[in-house]
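For the sequence shown, this note's numbering begins at 17 and goes up steadily by one.
No residue lacks a Cβ here, since even glycine has one placed at the ideal position from N, Cα and C.
Quantities reported herein were computed from a predicted structural model and do not represent experimental measurements.
As structure tokens, the structure follows; a few thoughts come after it.
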Amino acid sequence: MSAEKIKYLIEHEAEGSLLDFKLEPYSLRTEKKSEFLKDLSAMANVLLDEDKYIILGVVEKDGLACGFRSIGNLPDESNFQKYINDNIEPDLQFEIKRVEYSGYDLAFIRIFGNKDRPYLFTKEIIDGQTSKVKFRPGDGFIRKGSATTKIVRAHLDRIYAAKWQRKDRKADIEVICSVKPSKELPQFDHIDVTIINKSNTSINFSVDLKIFKQDGLWIAPKFELRRELAKDLKEAMYYTPAIAISNLQRDNHFLVATGLKNGITLLQNDCLQDVLEENAMILMTSEKVVFKCELFVRSDDFTQGMLIQNIELSAQRR
Numbered sequence: 017m018s019a020e021k022i023k024y025l026i027e028h029e030a031e032g033s034l035l036d037f038k039l040e041p042y043s044l045r046t047e048k049k050s051e052f053l054k055d056l057s058a059m060a061n062v063l064l065d066e067d068k069y070i071i072l073g074v075v076e077k078d079g080l081a082c083g084f085r086s087i088g089n090l091p092d093e094s095n096f097q098k099y100i101n102d103n104i105e106p107d108l109q110f111e112i113k114r115v116e117y118s119g120y121d122l123a124f125i126r127i128f129g130n131k132d133r134p135y136l137f138t139k140e141i142i143d144g145q146t147s148k149v150k151f152r153p154g155d156g157f158i159r160k161g162s163a164t165t166k167i168v169r170a171h172l173d174r175i176y177a178a179k180w181q182r183k184d185r186k187a188d189i190e191v192i193c194s195v196k197p198s199k200e201l202p203q204f205d206h207i208d209v210t211i212i213n214k215s216n217t218s219i220n221f222s223v224d225l226k227i228f229k230q231d232g233l234w235i236a237p238k239f240e241l242r243r244e245l246a247k248d249l250k251e252a253m254y255y256t257p258a259i260a261i262s263n264l265q266r267d268n269h270f271l272v273a274t275g276l277k278n279g280i281t282l283l284q285n286d287c288l289q290d291v292l293e294e295n296a297m298i299l300m301t302s303e304k305v306v307f308k309c310e311l312f313v314r315s316d317d318f319t320q321g322m323l324i325q326n327i328e329l330s331a332q333r334r
């Protein structure tokens, strides 16, 4: 997908707020290394949530790619990440990848998922050639068309206005709930929650699943089933729902949560299956049970409140 995207940008797009062509790769060994900070932060500050690209090894004329030059070895991406983390805040996300195009060995930098604008310098940067101060703490830059300009008050006003008026992102995700056989304990079913991120921006969230009690249905955590299986009580388990009573149980429902302090991060256009890690294991005491669930997805990107879905599932004893 990345190679096709770069091919499209080279052949159909001109330099602008989301795209820049560079002939030479960046290097942390030259006096111009601070240009890396300036260029990446300027793109991250553009008030568009699409991915931004800097394609390396491209000769441009009037903003269009007109020639190419294969580039040499790229320094370790982690060194660039440390350099930008040491000098720009907040944290800025990017990746550096190689790509082959028309027989040339090029590279690109993808700047993505950066919504916590503005991205500003935290330290004084000295020009190695003139020994003068090049950038000061609080300085910032923004890409405007194919030019990079210093951030001024008007830019900050627009950035903060957009920050506080950002859209609710519930429509960016799709949630699918189903009942599936456990991979680790195939004699039992579990409730699978799959989350699909349909957007071009990563999203962080947490999930709670409320499973309402129903005759013939009991819910147990995976570790508890493992313990009982170790006691060789496979058959008894079907008829002894008391063993399923755990910290999952509430007055009229069972509650299962992701339990991760910092939530789950799902990358752009990605899918995560079994979000609850098989912790909602189903014990059947009848042949078939239809039961109701209520799913809660929480995210700071849901500006209008959490996502709530009412779900009806069924399970069949095998």
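In the displayed model, Gln230 falls within a strand according to three-state DSSP. Annotation for Gly83: Val75 place their beta carbon closer than 6 Å to its own, counting only its chain and skipping 5 residues before and after.
The beta carbon of Leu283 sits closer than 6 Å to those of Ser218, all from its chain and outside the five residues before and after it, given in chain order. Going by DSSP, Asp55 is part of the alpha helix (DSSP H) stretching over Ser50 to Ala60. For the pair Lys139 and Leu225, the Cα-to-Cα distance works out to about 45 Å. Within the DSSP secondary-structure output, Ala273 pairs in a beta bridge with Asp224. Note that the stretch 123 to 130 touches the stretch 59 to 74; at least 3 beta-carbon pairs, one per stretch, sit closer than 8 Å. If you check the CB distance, Ser194 and Asp205 do not come in under 7 Å. A check of alpha carbon separations from Asp290 across Val306, Lys77 and Ser198 identifies Ser198 as the nearest. Sequence-distant Cβ neighbours of Phe37 in its own chain, meaning closer than 7 Å and more than five residues away, are Glu31, Ile71, Val74, Glu76 and Ala81. By the Cβ-count criterion, Phe96 is buried, with 16 or more other Cβ atoms from all chains shown falling within 10 Å of its own Cβ. Separation of Pro153 and Leu136 (C-alpha to C-alpha, rounded to the nearest whole angstrom) is 7 Å.
Distance from the CA atom of Glu310 to the CA atom of Glu47, rounded to whole angstroms, is 58 Å. At the C-beta level, Thr274 and Asn220 stay beyond 7 Å of one another.
A Cβ-Cβ separation of about 6 Å places Ile158 in contact with Thr165 under the 8 Å criterion. Rounded to the nearest whole angstrom, the C-alpha separation of Asn130 and Lys308 is 38 Å.
In this structure, Gln230 lies away from Val313, with their beta-carbon atoms at least 7 Å apart.
Between Ile324 and the set Ser330, Gln332, Ser315 and Ala331, the nearest pair of CA atoms involves Ser315. Counting only residues of its own chain and dropping the five nearest sequence neighbours on each side, Ile100 has a CB closer than 7 Å to the CB of Leu53, Leu56 and Leu108.
Taking the Cα positions, Pro41 is about 32 Å away from Lys179.
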